[in-house]
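Q:
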Amino acid sequence: MSADSREIYSNQTGIHDNLQKVVLRHLQSPFLKPPAQHTIDAFEAVTRTIATESKPLIMDSCCGTGTSSRLIAEENPHAWVIGLDRSSKRLGKEYEDKLPDNLIMAQADCVDFWKLAKEANWTLEKHFLLYPNPYPKSVQLKYRWHAHPAFTDLLALGGLLEVRSNWKIYIEEFCEALKLAAQDSEGCELYDPAGQYTTLFERKYCQSGQPVYRCLSTVSR
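3 is the number of the first residue of the sequence shown in the working numbering; add one for each residue after it.
Okay, here's the thing in structure tokens:
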């Protein structure tokens, strides 16, 4: 196995002992951080585009180079697909083919973008979180999306939420956080892309023999 596809190492052996306390605290307190201006600008630009044609909304958060966003857009031509990433370098990857007409790529902080979308009363048809940074050290719990203050804004967008990771504990924790938020899920399940890889990370993990896991949840607002 190459260094680029090594398995995740963590000093956790199961769901974090503080997960419940952290999640409940965030659920009971609104996230007050004001959005950064660059994300406000990006949100306004996306809003102007989607206003040109009424379509369902699909979000691909933390999309990296946008490989997944392109595939999702091709598979969902009826919807606007919004690929979000904070890195201009990742979003700047060049492809031979042009963007699908229904795909909007935005350089934005997901935390701020979710808040703005919630305040604008957006409802998503689907929301993808594919292989986010798992922050596997026990002391990094608060950096994981399900233990982040922005978790409540993420849930407020509704839709079919799909989260994938090559770290089983991450998905188990995400499912538990959904339960604490009174949201149903399919639980942590082994995911087999059957060679149809949605992201470059997914291809790397699977081709190096690592299992990948996912959580599916139809989030009620």
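Here a beta-carbon is modelled for each residue, glycine too, at the ideal position from N, C-alpha and C.
Only a predicted model underlies this, so the values are computations on that prediction, with no experimental measurement involved.
Pull up the DSSP beta-bridge partners for Thr220, would you.
A: Thr220 pairs with Leu162.
Q: Specify, as a first and last residue, the run of the beta strand (DSSP E) that Ser210 falls within.
A: That residue, Ser210, is in no beta strand (DSSP E); it is neither H nor E in DSSP.
Q: Can you tell me whether Val48 is buried or exposed? The criterion is at least 16 other CB atoms within 10 Å of its CB, across all chains shown.
A: Flag for Val48 reads buried.
Q: Would you identify the three-state DSSP class for Ser167, choosing helix, strand or coil?
A: Strand.
Q: Where does Pro145 sit, in a helix, a strand or coil, going by DSSP?
A: Here the sequence assigns Tyr to residue 145, which means Pro is not the residue at that position. DSSP places Tyr145 in helix when its eight states are reduced to three.
Q: Nearest to Ile42 by alpha carbon, out of Asn168, Pro213, Lys117?
A: Closest by alpha carbon: Lys117.
Q: Spatial neighbours of Glu175 within its chain, please: C-beta separation below 8 Å, excluding the five flanking residues on both sides.
A: The answer, listed in chain order, is Ile17, His18, Leu21, Arg146, His148, Ala149.
Q: Less than 7 Å separating the beta-carbons of Asn168 and Val113?
A: No; because the gap between Cβ atoms is not below 7 Å, this pair is not in contact.
Q: So what's Lys128 in DSSP terms, helix, strand or just coil?
A: In this structure, Lys128 counts as strand in the three-state DSSP scheme.
Q: Quick one: what's Trp82 bridged to in DSSP?
A: In the DSSP output, where bridge partners are listed per residue, Trp82 has Leu59.
Q: Report the rounded CA-to-CA distance for Ser12 versus Ser140, giving the unit in angstroms.
A: Cα to Cα, Ser12 sits roughly 7 Å from Ser140.
Q: Are the C-beta atoms of Trp124 and some chain B residue less than 7 Å apart?
A: The chain labelled as chain B is not found in the depicted structure, where only one protein chain is given.
Q: I believe Ala196 touches Leu29 by the beta-carbon criterion, under 8 Å. Please report the beta-carbon distance rounded to the nearest angstrom.
A: Actually they do not touch by this definition, with Cβ atoms about 36 Å apart.
Q: Taking only the alpha-carbon atoms, compute the straight-line gap between Ala1 and Arg223 and give it to the nearest angstrom.
A: Residue 1 lies beyond the residue range present for the chain, which begins at 3 and ends at 223; the question has no answer from this structure.
Q: For Met3 and Glu204, I'd like the C-alpha separation in whole angstroms.
A: At Met3 the pLDDT is 36, less than 50, meaning the model places this residue with poor confidence; the figure from the coordinates comes in the next sentence. About 15 Å.
Q: Run the CB neighbour count on Ala81, radius 10 Å, all protein chains shown included, and call it buried at 16 or more, exposed below.
A: It counts as buried.
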